[in-house]
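In terms of UniProt numbering, the numbers along the sequence shown are unbroken and rise by one, the last being 852.
This report refers to the structure that appears directly beneath it.
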Amino acid sequence: MPVVVVESPAKAKTINKYLGDDYTVLASYGHVRDLPPKDGSVDTDNGFEMIWEIGADSRKHVKAIADALKDDNDLILATDPDREGEAISWHLQEALTKRKAIKKTTPVKRVVFNAITKSAVTEAMAHPREIDAPLVEAYLARRALDYLVGFNLSPVLWRKLPGSKSAGRVQSVCLRLIVEREMEIEVFNAREYWSVKAQLSTPRGQDYEVRLTVLGGQKLDKHDIATSEAAELAVHAVQSRDLTVKSVEAKPASRNPSPPFMTSTLQQEASRKFGFGARQTMSTAQRLYEAGYITYMRTDGIDMAPEAASAARDEIKSRYGDSYVPANPRMYKNKAKNAQEAHECIRPTDMSVDAAKLARLEADQRKLYDLIWKRTLASQMESARMERTTVDVASADGQVELRATGQVVMFDGFMKVYEEGRDDTVVDDDDKRLPQIMQGEAADKKSVTPEQHFTQPPPRYTEATLVKRMEELGIGRPSTYASVVTTIQDREYVRKEKNRLIPEDKGRLVTVFLTNYFRKYVGYDFTADLEEQLDDVSAGNADYKEVLARFWRDFSAAIAETSELRITDVLEKINEVLEPHLFPPTEGGGDPRLCPNCGIGRLSMRTARSGGAFIGCSNYPECRFTRPFGPPGIEGSEVGPDGKYLGEDAGDKITLRKGRFGPYVQRGDATDEVPKPPRSSLPKGWTQEDIDLEKALQLLSLPRELGPHPDDSEMVEAGLGRYGPFVKHGKVYANLPNIDEVFEIGMNRAVEVLAQKVAKGGARKAAKPLVELGEHPEGGPVNVMEGRYGPYVKWQKVNATLPKDVEPTSVTMELALQLITEKAGKKPTRKKAAPKKKPAAKKAPAKKAAAK
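So, in structure tokens, the structure goes:
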């Protein structure tokens, strides 16, 4: 039987169902080889030759494939239809050739399918090809580049910047985006401005809202009314004049649907609508793909196969009617620069299957499938038609003018099924519905009110907006977005709070270090240009070794230049670069780096053992002044090296601190007498911004004793553990549904929860003795117990089974002691050494199997 190899067992199971018993379908479980993490895995002096190593976990999978090929040397590689999938097929062919499982002359077939359906798999099997060499070379170039950057740059960070963990070709550029956005936010100065709105009424008594657009005969820009005084004058100008409807203009408008999903837009929309991280979205989509429900999910293409577009149109017609089907199928232009990697969009494999028909799927899979199904159908639907109305109301002298805008949806079109989410909530006046308003009619003023506003800093990135920005800059590719965003969080360079990405101190320091000593290699244009070079390689238009040689020539020189750097030099350089940010000029014109505590030392950035940073005084230890890393004025909101002060309780200082395993609250300070003061980690879902003195004291009060259990008087406790809030009685732990309950739960509720846990078999209650015989002469109770294999006598760790003819109730202490002595004195025959190997005995089963 021909051997078909795919990446995952789930995919293998689905394909085996379509191919039948005439094929052996096996899984490689992803990549089978990688570069060993040691010096020399990429030989820069020998044409960038690479040393590959089969992973320990992959050896058994490669062996299973090799064993299957002994019966049939026909190998079909059916890994994913992208650069990574092509690389896995190439690695398998190379590894199997080295094992002599296949010969170099053995024809190896490569098949690809964009969807795991019977028709797609059958079609692919009928049209095999060879492994795509340019795609493999693009993979080799990318893998070599990532190795050369990571393996050469990370040690520089370890030596020169204590606490940093790693650098990467794409991850460091991604981190730079987040750090630079945070610095923009910190130096942002909010600007006050005002707007004036009025509630007007038509002669028919219908109300509508307008905003001031002209004052003193001059058109107002957004920030023109700068103070409350100016706003009051504007209000007076409106109130003192009669208003008339100057014009009513209604224009038809239309909205077109968004194109179907590709990798980046799917990650963005799943983040907006469900709060999914990039990794969660891709792993969920992977399972949907392997089960045959959607097309391949790593793609930068938005075009749709003609038969799929036709199927979508048929489904729209049957569900919503002819009016929702446009005259012609919608065609979306593929923006991918590399045609070889421009796959079809992400869409359902069967347009007639909606989420309601997939009720057996896990909740996350069903939600994501529903999103893909709706977006795909909407992309082939008729445009939404609306009427947009603009009403201008003015005074007779033209000194003031106000405007109302609104719209009426005349035909909902694609909006009947789906509307794209927004990254940040924006109030859109155009969405309002206006009453009937006639030109020339009077506008009766019901109220005129000023509203104060402040300009807002740019928002922190979410995973969705970060992926969107990376895509705009040309950094990374569909297969890398999720892993890059995840890596910078795993390295503790960035933390995610309330779905926003916030750089940690060590992330900032790494970015500053790299932008000063390796600026070219964390440059947005340089990284995007390198991606284009890799695309040229995969298209067969460039030699991958030439790309590597050009990169390595300059990069190795940059690495060499840092060899003489000392840590003190690096820290001083970081201080110098960040000085305008960390120590901005003071209002009085004094030295911004002069210590405010001692008036002698100078402030500078210091690194902590944890890898974090803070601002400290050079006059240490005489002066112990510190403040959080960042510009002055954030002391009240940030957690510094000595924690964020929350208040006092019973004479103890309560602080919020950062630790290796995340933020925590602490009572008092560590002393020789109390080296480990009481502390409590923040539970899942709580952020640093949420913590005040009251919540800190709640956490520090745990575990709390609820009282003795009514059954045995043993204490019942409520507390927080690694798996969340719980109540405990003896060895029985029962989870609580939410964090608030751990602070409020009473004895009655706790006993009920514990009883439910025992009833479900989630915890074993101590078995009660059948007969209590008394104390053993050497101490400890002797009891007769009911066991799985019959009654037995128990004393300490000795369990002696009762003879079959002895009733438990008739056991005496004398008989029990005799059984215990016999049991305790018995030689452990089961622990004898196993006999030496018996070749004949061991081979027999194999011979029988062979005979079969």
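Note that CB positions come from ideal geometry on N, CA and C, so glycine has one too.
Where residue i sits in the DSSP three-state scheme
i	result
Phe276	coil
Phe454	strand
Leu693	helix
Ala339	Only weak support exists for where Ala339 lies, its pLDDT of 38 falling under 50; the coordinates are left without a value.
Ser680	strand
His61	helix
Tyr289	helix
Val42	strand
Leu26	strand
Val112	coil
Met351	coil
Met421	It is Gly, not Met, that sits at residue 421 in the sequence shown. Looking at Gly421 - three-state DSSP - the assignment turns out to be coil, as it is neither helix nor strand.
Ser447	strand
Trp90	helix
Gln399	coil
Lys794	strand
residue 887	No statement about residue 887 is possible, as the shown extent of the chain runs from 1 to 852 and does not include it.
Thr284	helix
Arg460	coil
Glu772	strand
Thr487	helix
Asp34	strand
Glu497	strand
Top-ranked residue by Cα proximity to residue i, from the options
i	options	result
Trp158	Val4, Ile54, Phe513	Phe513
Arg500	Tyr645, Arg129, Thr687	Thr687
Gly533	Asp224, Thr244, Pro677, Leu135	In the sequence as presented, Gly is not what sits at residue 533; that position holds Gln. Ranking the options by Cα distance to Gln533, first place goes to Leu135.
Ala356	Arg279, Arg366, Tyr139, Thr527	Arg366
Val494	Ala482, Lys11, Arg508	Arg508
Asp224	Pro326, Thr455, Lys676	Thr455
Gly30	Glu572, Glu53, Ser89	Ser89
Ala558	Arg59, Ile346, Asn516	Asn516
Ser41	Asp146, Ala56, Ile116, Asp21	Asp146
Thr607	Glu778, Gly599, Gly630, Glu622	Gly630
Val417	Leu466, Asp21, Asp354, Gln698	Asp354
Ile116	Arg287, Lys273, Asp34	Arg287
Glu778	Tyr723, Thr821, Leu736, Glu579	Thr821
Glu471	Val170, Thr122, Ser283	Val170
Ala311	Tyr296, Arg347, Asp300, Ile302	Arg347
Pro2	Gly20, Ile600, Ser8	Gly20
Sequence-distant residues of its chain with Cβ nearer than 7 Å to residue i (five each side left out)
i	result
Ser247	Asp392, Gln439
Val112	Pro81, Ala124
Thr528	Note that residue 528 is Ala in the sequence shown, not Thr. Excluding positions up to five away in sequence, the list reads Leu473, Gly474, Ile475.
Lys219	Thr213
Residues near residue i by beta carbon distance below 8 Å, same chain, minus five either side
i	result
Val811	Val771, Leu773, Val784, Val793, Leu802
Glu269	Phe261, Leu371, Arg375, Glu420, Gly421, Ala464
Thr425	Low local confidence applies: a pLDDT of 49 at Thr425 is under 50, so the model's placement there is unreliable, with the coordinate-based value given in what follows. Closer than 8 Å at the Cβ level, and outside the excluded window around Thr425, lies no residue.
Ser678	The sequence as given places Pro at residue 678; Ser does not occur at that position. Around Pro678: Gln666, Arg667, Gly668, Leu700.
Leu646	Ile654, Thr655, Leu656, Val665, Ile691, Asp692, Leu693, Ala696
Cys598	Cys617, Asn619, Glu622, Cys623, Phe625
Own chain residues within Cβ distance below 6 Å of residue i, not counting five before or after
i	result
Ala846	Here the model assigns Ala846 a pLDDT of 39, short of 50, so the residue's position is not dependable and the matter cannot be decided.
Glu451	Ser195
Thr389	Ala250, Gly406, Leu434
Pro663	Leu682, Gln688
Arg176	Thr511, Val522
Val173	Ile475, Val522, Thr527
Val753	Val727, Ala734
The ligand FAD heavy atom lying under 6 Å from the CB of residue i
i	result
Arg593	What this structure holds is no ligand at all, so the ligand FAD is not there to describe.
If we count Cβ pairs, one from each stretch, closer than 8 Å, do we get three or more for the stretch 352-366 versus the stretch 222-230? Counting Cβ pairs under 8 Å, fewer than three are found: no touch.
Contained beta strand (DSSP E) runs [length at least 3] in the stretch 203-279, N- to C-terminal order: Counting whole runs of 3 or more residues, the stretch 203-279 contains the beta strand (DSSP E) stretches 207-215, 243-255.
Every unbroken alpha helix (DSSP H) within the stretch 131-211, with a cutoff of 4 residues, ordered by chain: Entirely contained in the stretch 131-211, the alpha helix (DSSP H) runs reaching 4 residues are, in chain order, 133-160, 171-187.
So within the stretch 506-584, which uninterrupted alpha helix (DSSP H) runs reach at least 4 residues, ignoring any that extend past its ends? Here the runs fully enclosed are 524-538, 544-561, 567-582.
At what residue ranges does the stretch 683-761 contain a whole run of the beta strand (DSSP E), taking only runs of 3 or more? If we require 3 residues or more, the beta strand (DSSP E) runs fully inside the stretch 683-761 come out as 704-708, 715-721, 724-729, 732-735.
Is it the case that the stretch 554-565 contacts the stretch 585-599, given that we only count it when at least three CB pairs across the two stretches are under 8 Å? Too few Cβ pairs lie closer than 8 Å, so no.
Three CB pairs or more closer than 8 Å across the stretch 63-83 and the stretch 105-121: Two segments are said to touch when three or more pairs of C-beta atoms, one from each, lie closer than 8 Å; by this definition the stretch 63-83 touches the stretch 105-121.
Check whether the stretch 471-491 and the stretch 275-285 touch, using three or more Cβ-Cβ pairs below 8 Å as the test. As far as the Cβ criterion goes, the stretch 471-491 touches the stretch 275-285, which means the pair count is three or higher.
Kindly confirm or deny that the stretch 746-762 and the stretch 703-715 touch, where touching means at least three C-beta pairs closer than 8 Å. Taking 8 Å as the limit for Cβ pairs, the verdict is that the stretch 703-715 does touch the stretch 746-762.
Within 8 Å, do at least three Cβ pairs link the stretch 535-550 to the stretch 202-221? Result no; under three Cβ-Cβ pairs closer than 8 Å.
Inter-stretch contact at 8 Å, needing at least 3 Cβ pairs: the stretch 57-65 / the stretch 564-574: Contact fails: fewer than three Cβ-Cβ distances are below 8 Å.
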